[in-house]
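Presented below is the structure to which this report refers.
Residue numbers (my numbering): 390 to 526.
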């Protein structure tokens, strides 16, 4: 049984899933976390029409990669807020070959999705004071 994961303050979890085209193309190897992180940062740093998002993406740091496609990143709080806002506005770009399923953060539940409504059965979605996932409606 998977144990719950507690994120460090100032971090964000991006739940990613591989695109079907990538799976069908015979991509049997799972990409490394740092490669996925670089692709994510590159995809969002190219956002010429949203300078705040490009700047926030450039300040991201790799924190970790969990099996089943969870990318952990950290940045100053203002940068993380820009990423959350971009996610809600559908402006946050996934790394090439992936789709972003959810964006989560550590902290108390401030209007975020509850475990029952989050739709994820990943270990990141457990605990009363655990991560909060933001889903687009």
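All residues carry an ideal CB built from backbone N, CA and C; glycine is no exception.
Query raised in the report: Closest to residue 404 by CA distance: which of 425, 469, 460, 433 is it?
Result: 460
Requested in this report: Apply the 10 Å Cβ neighbour rule to residue 447 and answer buried if 16 or more other Cβ atoms are within range, or exposed otherwise.
Outcome: exposed
Query raised in the report: Taking the alpha carbon of residue 478 as the point to measure from, which residue in 407, 465, 470 has its own alpha carbon closest?
Result: 470
**Report entry** Beta-carbon contacts of residue 401 that lie in its chain and below 8 Å, excluding the five residues immediately before and after
**Finding:** 461, 462, 463, 464, 469, 472, 473, 492, 493, 494
Query raised in the report: Does the beta-carbon of residue 488 have 16 or more other beta-carbons within 10 angstroms, so that it is buried, or is it exposed?
Result: exposed
Report task. On a CA-only basis, which of 444, 439, 428, 407 is nearest residue 480? Give me that one, please. Result -> 439
Query - Range of the contiguous alpha helix (DSSP H) that encloses residue 422 - result: 422 to 434
Report task. Would you identify the three-state DSSP class for residue 479, choosing helix, strand or coil? Result -> In the structure shown, residue 479 sits in coil (DSSP, three-state: anything other than H, G, I, E or B).
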